[in-house]
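**Student:** The structure is given below, and queries will be raised subsequently.
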Amino acid sequence: MNRTHRLYWRIWFAVLASLALFTVLAGLLWKAIGERPYRGTEHALAALVVAVLPPPGADVEAQRGALLHWQQRLNADLALFGEDSRRVAATADDFPTAVTIDTGDDPVDWVRTPRGTAFALQLPDGRVLLARREGGARSPFGLLSGLALIMLAVGVGAYPVARRLTRRLERLQQSVERLGRGDLRARVDASGGDEVAQLAGSFNQAAARIEELVQSHRSLLANASHELRSPLARVRLAVEMLDEAAPERRAALRREVEQGIGEIDVLVEEILLSARLQATADVDPRTEFVEVDLTALAAEECARADVPLDADTVMIDGDVRLLRRLLRNLIENAHRHGSAVDTHAVLVELKSAPSKVTLRVHDRGPGVPQAQRERIFEPFYRLPGASEAGGGVGLGLALVQAIAQRHRGRAVCLPRAGGGSTFEIVLPRAGAQED
Numbered sequence: 000m001n002r003t004h005r006l007y008w009r010i011w012f013a014v015l016a017s018l019a020l021f022t023v024l025a026g027l028l029w030k031a032i033g034e035r036p037y038r039g040t041e042h043a044l045a046a047l048v049v050a051v052l053p054p055p056g057a058d059v060e061a062q063r064g065a066l067l068h069w070q071q072r073l074n075a076d077l078a079l080f081g082e083d084s085r086r087v088a089a090t091a092d093d094f095p096t097a098v099t100i101d102t103g104d105d106p107v108d109w110v111r112t113p114r115g116t117a118f119a120l121q122l123p124d125g126r127v128l129l130a131r132r133e134g135g136a137r138s139p140f141g142l143l144s145g146l147a148l149i150m151l152a153v154g155v156g157a158y159p160v161a162r163r164l165t166r167r168l169e170r171l172q173q174s175v176e177r178l179g180r181g182d183l184r185a186r187v188d189a190s191g192g193d194e195v196a197q198l199a200g201s202f203n204q205a206a207a208r209i210e211e212l213v214q215s216h217r218s219l220l221a222n223a224s225h226e227l228r229s230p231l232a233r234v235r236l237a238v239e240m241l242d243e244a245a246p247e248r249r250a251a252l253r254r255e256v257e258q259g260i261g262e263i264d265v266l267v268e269e270i271l272l273s274a275r276l277q278a279t280a281d282v283d284p285r286t287e288f289v290e291v292d293l294t295a296l297a298a299e300e301c302a303r304a305d306v307p308l309d310a311d312t313v314m315i316d317g318d319v320r321l322l323r324r325l326l327r328n329l330i331e332n333a334h335r336h337g338s339a340v341d342t343h344a345v346l347v348e349l350k351s352a353p354s355k356v357t358l359r360v361h362d363r364g365p366g367v368p369q370a371q372r373e374r375i376f377e378p379f380y381r382l383p384g385a386s387e388a389g390g391g392v393g394l395g396l397a398l399v400q401a402i403a404q405r406h407r408g409r410a411v412c413l414p415r416a417g418g419g420s421t422f423e424i425v426l427p428r429a430g431a432q433e434d
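The numbering of the sequence shown is numbering that gives the first Met the number 0, which starts it at 0 and goes up by one.
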């Protein structure tokens, strides 16, 4: 990239250009009004000068003596020119021998001399007086020179500031490029309190979220590939055996194929749902929530699974499809893993409070060890000793937790008095603060 196109050069040149414009405008303003301290009093000043100088007919020595007298008092070099524009007398030899000024109605003009610009005053008697401050040529540290030095100083001081700002932006650009090349660990220093630091912090948050999503999807894909092998292998084996099997065996093989296809269908559906919930975890879902009769929803799912329900009347804002999936997964999990002792021991409770709703699904199964009660909500996690033959694909409780969190709630596994487990879901009501 051409260095002149870099942002810090553009910022630096913008500062210098602004200061240069200011210098030019200040010089023009000074030229217009700064060099005319006696504006409006020129005629009176000319009359005063005539009064203190010898008359036009006086000899040269008298006029020179008057100029020397006023040179000492005014600390300025003086020169007097007659009506013919020729020099009559002067206190310095570098004044021109003749001068012509075009004043019009304004008796004041400026004349350049070897040692600086002289103030020219047209006198009423036709003579011209030049006055120039002593000290030779204009100091290099005059107004314009001083402004030029200020511009140079500002340019030198502004460069490191502009460079520091754009260096941080370049680091951010490099991190974005690294992220684009697939380096999900790319981060940038977010120190500071300005907009660049806020931008860097936002980038780090986005990069962390992308890394989390990609890692989660990789894990989901790897586990899904593993989980798909068993039903696919059973389906393939059953299909291969179908043509050669005895008639009485074919019905069982067809059921095996149907069961395997059903497991694959459930697995794919739950994988897609899990991926969608992860991808939209940072999006506020409440904009799509509707009022849901959670009691009626629970009654439908309990009737479908032949499970008793103890429920208050509960209305809640939420996603109907996701809440239905939460209820169904909990009830199916209780039947699958928690009804080994008593097939009728599964119970669903739905209780209402002013600020929250509590859903509990009880079972009388072997229970969950305390060390495993949090891990069972991880995708594809199975308790030690559990096998695929027990059914399920290992995503049911993970989806329960994700759906609860999407509704600003939580899911926990608790021991049930008398044996078994209780899965408790706490959902806040609309407008209630999260616990």
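Cβ atoms here follow ideal geometry from the backbone N, Cα and C, with glycine treated the same way. Computed from a prediction, not measured in an experiment: that's the story for all the values here.
So, is the C-beta of L79 closer than 8 Å to a C-beta in chain C?
**Tutor:** Within the model displayed, chain C is absent; a lone protein chain is all it includes.
**Student:** With C-beta atoms as the reference, is R177 less than 8 Å away from A189?
**Tutor:** For R177 and A189, no; Cβs fall outside 8 Å.
**Student:** Checking 8 Å against the spacing of the C-beta atoms, do L122 and A16 come in under that value?
**Tutor:** Cβ distance not < 8 Å, so L122 and A16 don't count as in contact.
**Student:** Count the other CB atoms within 10 Å of the CB of L358; is the residue buried (16 or more) or exposed (fewer)?
**Tutor:** By the 10 Å Cβ count, L358 comes out buried.
**Student:** To the nearest angstrom, how far is the alpha carbon of D58 from that of A88?
**Tutor:** Each residue's Cα considered, the two are about 10 Å apart.
**Student:** Please state whether DSSP places P123 in a helix, a strand or coil.
**Tutor:** Coil at P123, not helix or strand.
**Student:** Evaluate T421 with the Cβ neighbour count: other Cβ atoms within 10 Å of its Cβ, from every protein chain shown; 16 or more gives buried, anything less gives exposed.
**Tutor:** T421 is buried by the Cβ-count criterion.
**Student:** May I have the straight-line CA-CA distance separating H361 from V175, to the nearest angstrom?
**Tutor:** Spanning the two alpha carbons is a distance of roughly 50 Å.
**Student:** Which residues share a DSSP beta bridge with S420?
**Tutor:** Beta-bridge pairing links S420 to P414.
**Student:** Can you give the Cα-Cα distance for G417 and L276, rounded to whole angstroms?
**Tutor:** Rounded to whole angstroms, G417 to L276 spans 36 Å at the Cα level.
**Student:** If you compare alpha carbons, which of D92, D93, V98, L266 is closest to R85?
**Tutor:** The option with the nearest alpha carbon to R85 is V98.
**Student:** Sort out for me which residues DSSP pairs V267 with in a bridge.
**Tutor:** Paired residues: none, contrary to the question.
**Student:** I'd like the list of long-range same chain contacts for T3, defined as Cβ closer than 6 Å, with 5 residues on each side in sequence excluded.
**Tutor:** Annotation note: pLDDT 42 at T3 (below 50); position unreliable, no value reported.
**Student:** Just to confirm, are V345 and I330 a CB contact at a threshold of 8 Å?
**Tutor:** Yes, these two residues count as a Cβ contact at 8 Å.
**Student:** Hey, how far is the Cα of P139 from the Cα of N203?
**Tutor:** Note on P139: pLDDT 45, under 50, position unreliable in the model; no value is reported.
**Student:** Using three-state DSSP, classify T22 as helix, strand or coil.
**Tutor:** T22 falls in the helix class under three-state DSSP.
**Student:** Quick check: the region 311-325 against the region 345-356, are there 3 or more CB pairs under 8 Å?
**Tutor:** Contact holds: three or more Cβ-Cβ distances are below 8 Å.
**Student:** Rounding to the nearest angstrom, what Cα-Cα distance links E436 and P106 in this structure?
**Tutor:** In the structure as shown, the chain starts at 0 and stops at 434, and residue 436 therefore has no counterpart that could be examined.
**Student:** Since N328 and V399 should fall inside the 8 Å C-beta cutoff, what is the C-beta to C-beta distance between them, to a whole number of angstroms?
**Tutor:** Indeed, because the Cβ distance is near 5 Å, the residues count as touching under 8 Å.
**Student:** Flag this pair as touching only if the region 393-411 and the region 366-383 have three or more C-beta atom pairs under 8 Å; answer yes or no.
**Tutor:** These segments touch.
**Student:** Helix, strand or coil for E290 per DSSP?
**Tutor:** Strand.
**Student:** Where does L349 land, buried or exposed, given buried means 16+ other C-beta within 10 angstroms?
**Tutor:** Looking at its Cβ environment, which holds 16 or more other Cβ atoms inside 10 Å, L349 is buried.
**Student:** State buried or exposed for G135, treating a residue as buried only when at least 16 other CB atoms are found within 10 Å of its CB.
**Tutor:** The predicted model places G135 with a pLDDT of 49, which falls under 50 and marks its position as unreliable; any figure quoted below should be read in that light. Classification for G135: exposed.
**Student:** Where R137 and P55 are concerned, what is the direct C-alpha to C-alpha distance, given to the nearest angstrom?
**Tutor:** Caution applies to R137, whose pLDDT of 48 falls short of 50 and renders its modelled position unreliable; the model cannot decide the point.
**Student:** From E60 to S144, what does the alpha carbon distance come to, in whole angstroms?
**Tutor:** About 40 Å.
**Student:** Could you tell me which residues DSSP puts in a beta bridge with F80?
**Tutor:** In the DSSP output, where bridge partners are listed per residue, F80 has R86, V127.
**Student:** If contacts are defined as beta-carbon pairs under 8 Å, then T90 and Q70 qualify, I think. What distance do you get, rounded to the angstrom?
**Tutor:** Confirmed, about 5 Å.
**Student:** Just how far apart, CA to CA, sit E239 and G317?
**Tutor:** Computed Cα separation, rounded: 46 Å.
**Student:** Out of A205, L67, Q173, V234, which one is the CA nearest neighbour of L92?
**Tutor:** Leu is not the amino acid found at residue 92; the sequence shown has Asp there. Minimum Cα distance to D92 is reached at L67.
**Student:** Using the Cα positions of G115 and L20, report the straight-line distance between them to the nearest angstrom.
**Tutor:** Roughly 26 Å between the two C-alpha positions.
**Student:** Could you give the DSSP three-state label for I315: helix, strand or coil?
**Tutor:** Here I315 sits in strand by DSSP.
**Student:** Work out the CA separation of D193 and A152 for me, nearest whole Å.
**Tutor:** Each residue's Cα considered, the two are about 25 Å apart.
**Student:** Looking at C-alpha atoms only, which residue of R72, A274, H42, Q172 is the closest neighbour of G125?
**Tutor:** Cα-wise, what sits closest to G125 is H42.
**Student:** Give the straight-line distance between the Cα atoms of F12 and S201, rounded to the nearest whole angstrom.
**Tutor:** Each residue's Cα considered, the two are about 30 Å apart.
**Student:** So the candidates are L183, L198, G419; which of them puts its Cα closest to the Cα of V367?
**Tutor:** Per the Cα distances, G419.
**Student:** Is it buried or exposed for L24, if we count other Cβ within 10 angstroms and need 16 for buried?
**Tutor:** Result: exposed.
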